[in-house]
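Residue numbers (the numbering used here): 11 to 617.
Everything on this sheet refers to the single structure shown next.
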Amino acid sequence: MNSEDNRNLILAIALSVLVLIGWQYFFAAPQLQKDRLAQQHPQTQTQATATPGAAPQSAASENPLAPTGAPVQAAPKTREEAIAASSRVEIDTPSLGGSIDLTGGMIDDVVLKAYRETIDPHSPNITLFSPVGAPAPYWAETGFVTDAPGVKTPKRETVWTADATKLTAAKPVTLTWDNGAGLKFTRVIAVDDKYMFTVHDSVENDGAAPVSLRSYALILRHGKPEVAGYAVLHEGFVGVIGDSSVQEITYPNIDKEPNHIRELKGDGGWLGFTDKYWGTAIIPEQTEAIDARFSASGTTQPVDYQTDYIGPAIAVAPGATASATARVFAGAKEVATIDAYAKDLGIKKFDLMIDWGWFYFITKPLFRLIDFVYHLPFVGNFGIAILIVTFLIKLAFFPLANQSYRSMAKMKKIQPQIAALKDLYPDDRAKQQQAQMELFRKEGVNPVAGCLPMVFQIPVFFALYKVIFITIEMRQAPFFGWIKDLSAPDPTNLFTLFGLVPWDPTALPMFGHFLHLGVWPLIMGFSMFLQMKMNPEPADPVQKTMFAWMPVIFTFMLGAFPAGLVIYWTWNNTLTVFQQGFIMSRAGVKVELFDNLKRLLRRAQPT
Numbered sequence: 011m012n013s014e015d016n017r018n019l020i021l022a023i024a025l026s027v028l029v030l031i032g033w034q035y036f037f038a039a040p041q042l043q044k045d046r047l048a049q050q051h052p053q054t055q056t057q058a059t060a061t062p063g064a065a066p067q068s069a070a071s072e073n074p075l076a077p078t079g080a081p082v083q084a085a086p087k088t089r090e091e092a093i094a095a096s097s098r099v100e101i102d103t104p105s106l107g108g109s110i111d112l113t114g115g116m117i118d119d120v121v122l123k124a125y126r127e128t129i130d131p132h133s134p135n136i137t138l139f140s141p142v143g144a145p146a147p148y149w150a151e152t153g154f155v156t157d158a159p160g161v162k163t164p165k166r167e168t169v170w171t172a173d174a175t176k177l178t179a180a181k182p183v184t185l186t187w188d189n190g191a192g193l194k195f196t197r198v199i200a201v202d203d204k205y206m207f208t209v210h211d212s213v214e215n216d217g218a219a220p221v222s223l224r225s226y227a228l229i230l231r232h233g234k235p236e237v238a239g240y241a242v243l244h245e246g247f248v249g250v251i252g253d254s255s256v257q258e259i260t261y262p263n264i265d266k267e268p269n270h271i272r273e274l275k276g277d278g279g280w281l282g283f284t285d286k287y288w289g290t291a292i293i294p295e296q297t298e299a300i301d302a303r304f305s306a307s308g309t310t311q312p313v314d315y316q317t318d319y320i321g322p323a324i325a326v327a328p329g330a331t332a333s334a335t336a337r338v339f340a341g342a343k344e345v346a347t348i349d350a351y352a353k354d355l356g357i358k359k360f361d362l363m364i365d366w367g368w369f370y371f372i373t374k375p376l377f378r379l380i381d382f383v384y385h386l387p388f389v390g391n392f393g394i395a396i397l398i399v400t401f402l403i404k405l406a407f408f409p410l411a412n413q414s415y416r417s418m419a420k421m422k423k424i425q426p427q428i429a430a431l432k433d434l435y436p437d438d439r440a441k442q443q444q445a446q447m448e449l450f451r452k453e454g455v456n457p458v459a460g461c462l463p464m465v466f467q468i469p470v471f472f473a474l475y476k477v478i479f480i481t482i483e484m485r486q487a488p489f490f491g492w493i494k495d496l497s498a499p500d501p502t503n504l505f506t507l508f509g510l511v512p513w514d515p516t517a518l519p520m521f522g523h524f525l526h527l528g529v530w531p532l533i534m535g536f537s538m539f540l541q542m543k544m545n546p547e548p549a550d551p552v553q554k555t556m557f558a559w560m561p562v563i564f565t566f567m568l569g570a571f572p573a574g575l576v577i578y579w580t581w582n583n584t585l586t587v588f589q590q591g592f593i594m595s596r597a598g599v600k601v602e603l604f605d606n607l608k609r610l611l612r613r614a615q616p617t
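What follows is the structure, given as structure tokens:
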């Protein structure tokens, strides 16, 4: 190896190490830290720092038409105490538990019955909404506001009267309040068997003068929530207003907007907040012209994040009644449920509540295929479904792979001629390359054809990564053995001798995130090693060294990936080995796997 080869080798290895470090630092390490904190403190949330007798300052208070005020009470220390501090209507449906606060008539207590914080069946259910005074208050409210002086509309301290003590999917609840000055407000709250509330607000004017009101809806989130921090996943404000594209803005980026507000206008749509697996949204009538916005307020931490909309002015004459209907979504981002709401309720682009990403046209169909296979009678396991879909993808790419491997077979046949050209021009690389290109044209060889299957599989790889990472259907989905959650990394670790040594190597500073290396990543690395050995070793020493190290690099890179993706990659490599062997055997070309392994073993033997 000459000095130029040495420089190229050092540069190639350095670049590979930088890629590995960058990936681990920006993607793997944050998730490992988040998972570790979640295991240690599964219920830790930001504690609201409200002053006793006050409530979080709302961004809506900056708008004279938006609701102001809040329940005046000392802030309890726990969620249970906050719930017990006021009269409530219980929520009890197949999917939701919780309650509605009669002080303010707010939906501020929502628990998801079907989802728990960990794979432990006795762990707490997922809490979505929480009331003022609890850790991390988060609620939705609707109603009417006015800018007319002296007209009393319901506020957050208003105490409503309910006609029932429980809200179910079969029976709505009606709340009433009389302002004592001629206006009677009625709020009918219904909920389906999933996650959609329908809130019908109406007002009857028994006074002597007309009033002008505007309907509104908002969701307020006090304090910045904990997010996964992945570039591949959006968490924060999200919505579609009118005919616009999906609007997404993160919690830090709202501070970059003018006055910390992004204003939106249009007819209908929806807006709210999205977490990795959960979402909330307020949804006006789809033909109603609204002024909407995302906003943040407060000069000290924790701040309030709010998404709200206000409808057009409504003139209510004496003796007349006016009404407005809003929907509130609060639940799990189940693909079938979200799609059904978008279709059945006509909500514009509501399916984009799920962050399918740039490869939407690949990602969502790929999920549908995996989900279809999963529901087949003989499957019932998402891991098996991924293996079956991988096999189907291999079949779809077979013509391309066949062409690629045939080109590789031709390349192998002309290796002696290529070696002769190197002997002919030992010190002139330019003439070597020129002669090789002429040889390729003469023999009909495409030197980059072997890369084509990989190039076409990259979008599929990222789409599958997105599916496994974002879809709640993959959350806590088991495979076999020690893999209890396909969306989480392999829980075993080589550096603990697979559980024999009681320590956490991933907690080490600087290098800890490199040390998440379970059984499946090791199997994946071995499958990639076998795939590399299917081909002749490159004559170029730099390429030869890079190919030798590539399985090691990928093993460490995929160590902290979701187990489902590592299983996919392992199975894909295994299928590739059999596919390549089959195609090259049919083309009359010797498969190099066993000869390469024998040469490797001979080199490894001591002399």
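Heads up, the beta-carbon is just placed ideally off N, CA and C, and yes, glycines get one too.
Asked                                                                                                                      : Found
Contact check, I229 vs T184, beta carbons under 7 Å                                                                        : no
Sequence-distant residues of its chain with Cβ nearer than 7 Å to P141 (five each side left out)                           : A92, I93, D111, D118, D119, P147, W149
Short Cβ contact (7 Å threshold) for E258 with H244                                                                        : yes
Local Cβ density within 10 Å of H232, reported as buried at 16 or more and exposed below that                              : buried
Status (buried if at least 16 other CB within 10 Å, exposed otherwise) for E8                                              : In the structure as shown, the chain starts at 11 and stops at 617, and residue 8 therefore has no counterpart that could be examined.
Collapsed DSSP secondary structure at T171 in the structure displayed                                                      : strand
Start-to-end residues for the alpha helix (DSSP H) that takes in M116                                                      : No alpha helix (DSSP H) contains M116, which is instead part of the beta strand (DSSP E) from 116-126.
Where Q53 falls: helix, strand or coil (DSSP)                                                                              : Reliability of the predicted coordinates at Q53 is poor, the pLDDT of 35 falling under 50, and no value is obtained from them.
Cβ contact (3+ pairs, closer than 8 Å) linking the region 301-316 and the region 324-344                                   : no
Coil, strand or helix - Y261 by DSSP                                                                                       : coil
Chain-order list of residues whose beta-carbon lies under 8 Å from that of R612 (same chain, five-residue window excluded) : none
When K608, A395, D188, I357 are compared against D216, the one with the closest alpha-carbon                               : D188
Opening and closing residue of the alpha helix (DSSP H) in which D216 lies                                                 : Run containing D216: none; DSSP gives neither H nor E here.
Extent of the continuous alpha helix (DSSP H) to which E90 belongs                                                         : 89-94
Residue range of the unbroken beta strand (DSSP E) whose run includes S417                                                 : That residue, S417, is in no beta strand (DSSP E); its alpha helix (DSSP H) goes 408-423.
With 16 other Cβ atoms within 10 Å as the buried cut-off, status of G590                                                   : Note that residue 590 is Gln in the sequence shown here, rather than Gly. It counts as buried.
Nearest-angstrom Cβ-Cβ length linking L177 and V256, presumed shorter than 8 Å                                             : The pair is not a contact, with the Cβ atoms about 31 Å apart (cut-off 8 Å).
Three-state secondary structure (DSSP) of A150                                                                             : strand
Rounded distance between the beta-carbons of A227 and I129, thought under 8 Å                                              : No, I129 and A227 are not in contact; Cβ-Cβ is about 36 Å, not under 8 Å.
Proximity of P164 and F195 at Cβ, strictly below 7 Å                                                                       : yes
T331, enclosing beta strand (DSSP E) - first and last residue                                                              : 331-342
Cβ neighbours of I533 in the same chain (closer than 7 Å, five flanking residues each side left out)                       : T580
Inter-stretch contact at 8 Å, needing at least 3 Cβ pairs: the region 426-443 / the region 484-496                         : no
Among G107, L431, I372, Q296, the one whose alpha carbon lies nearest that of K204                                         : G107
Same chain, Cβ closer than 8 Å to G249, neighbours up to 5 away in sequence not counted                                    : V256, Q257, L274, G279, W280, L281, G282, A291, A302, F304, T317
Own chain, CB closer than 8 Å to A58, minus 5 neighbours either side, in chain order                                       : Because A58 carries a pLDDT of 35, less than 50, the predicted location of this residue cannot be relied on, and no value is offered for it.
Nearest to A191 (by Cα), restricted to the options D102, V198, P220, R166                                                  : P220
Exposure label - A69; buried when at least 16 CB within 10 Å                                                               : With a pLDDT of 39 at A69, under the threshold of 50, the modelled position of this residue cannot be trusted, and the question is left open.
Beta-carbon spacing of T171, T186 below 7 Å                                                                                : yes
Straight-line Cα distance separating S222 from G115                                                                        : 22 Å
Cβ-based burial, M538 [other Cβ within 10 Å; buried from 16]                                                               : buried
A517: CB within 6 Å of a non-hydrogen atom of the ligand ATP                                                               : The ligand ATP is not among the ligands present in this structure, which contains no ligands whatsoever.
Backbone CA spacing between T113 and A325 [nearest angstrom]                                                               : 27 Å
Closest by C-alpha distance to A558, when choosing among G246, I396, K543, L510                                            : K543
K608 burial status per 10 Å Cβ neighbour count (16 or more: buried)                                                        : exposed
Cβ neighbour criterion (16 or more within 10 Å) applied to Q541                                                            : buried
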